[in-house]
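Working notes, structure below.
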Amino acid sequence: MDIEKKVWEVLLSEEEIQTRAKQMGEEISNDYKEKKLLVVSLLKGSFIFTADLVRRISIPVKIEFMTTSSYGHGQESSGNINIISDVKGDLTGYDVLVVDDITDSGLTMKYVMEHLKTKNPTTVKCCVLLDKPDRRQVDLVPDYLGFTIPDKFVVGYGLNYGDYYRNVPYVFVVTEQDR
Ligand code: 5GP
Ligand code: MG
């Protein structure tokens, strides 16, 4: 991993992300105030966004986690989504909001939402910090969206490069050093 030799370009600053997360939390609090909100956070990528978002939610909220895999080793979705760790039991009566870091092909979110619908919740919606609509392979429009971004591989704020950089507090793009 030669990331140190490359150029990091900040795409979204810490402040921009925090401002947006606050707005999204307020919007969700307003929309779900008569409902029974259950946030389902998709690990590992969404752990930081979820932590910031839920602290901006001012209504009662339960929080569960799911782990899925699709990426394998490359930067392209394999298209095969595996559920490694699931939400247990039946979701009758809950209004589920699936939270993820980014939708790219959309395959992960679509698959998870369809899967959770089989557990009989009242509603299933999704909330993502970042969206790359140019790469969509399925019909999916995020119900709550932080930022639309160009088709570039992004890192930081939960998003990994190899197994690292999830802890960087902003989102950046890795570009090649000038020739
Ligand atoms: P999708 O199923 O929508 O193609 O991809 C969803 C998952 O792929 C995301 O939750 C994220 O883990 C990973 N992913 C997609 N785009 C990027 C990216 O630009 N950077 C990183 N680090 N992960 C990404
Ligand atoms: Mg992910």
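Take the sequence shown: its letters are residues 1239 to 1417, numbered as in my numbering. We put the beta carbon where it would ideally sit given N, CA and C, even for glycine. The structure presented is a predicted model; accordingly, all values stated were derived computationally and were not measured.
Using a 10 Å radius around the Cβ and a threshold of 16 neighbouring Cβ atoms, would you call Tyr1402 buried or exposed?
exposed
Would you call the stretch 1285-1304 and the stretch 1391-1407 touching, i.e. three or more CB-CB distances under 8 Å?
yes
Is the CB-CB distance between Glu1199 and Phe1385 below 9 Å?
A query on residue 1199 cannot be resolved here, the shown segment of the chain reaching from 1239 to 1417 and no further.
Give the secondary structure of Val1245 by DSSP, where H, G and I count as helix, E and B as strand, and everything else as coil.
strand
According to DSSP, is Asp1269 helix, strand or coil?
helix
Which residues DSSP lists as bridging Ser1323, in chain order:
Thr1305
Could you please give the first and the last residue of the uninterrupted beta strand (DSSP E) stretch that includes Thr1341?
1333-1341
Cβ pair Cys1365, Leu1276 closer than 9 Å
no
Could you check whether the Cβ of Leu1345 sits closer than 8 Å to any heavy atom belonging to the ligand HEM?
This structure simply doesn't include the ligand HEM; it includes the ligand 5GP and the ligand MG instead.
Does at least one heavy atom of the ligand MG sit under 8 Å from the Cβ of Ser1284?
yes
Just confirm the distance between the C-beta atoms of Leu1249 and Val1379, as a whole number of angstroms; I'd bet it's less than 8 Å.
In fact, because the Cβ distance is near 21 Å, the residues do not count as touching under 8 Å.
Three-state class that DSSP yields for Asp1328 in the structure shown:
coil
Between the Cα of Lys1390 and the Cα atoms of Pro1359, Lys1355, Ser1343, which residue gives the shortest distance?
Ser1343
Measuring straight from C-alpha to C-alpha, what distance separates Ile1340 and Val1392?
9 Å
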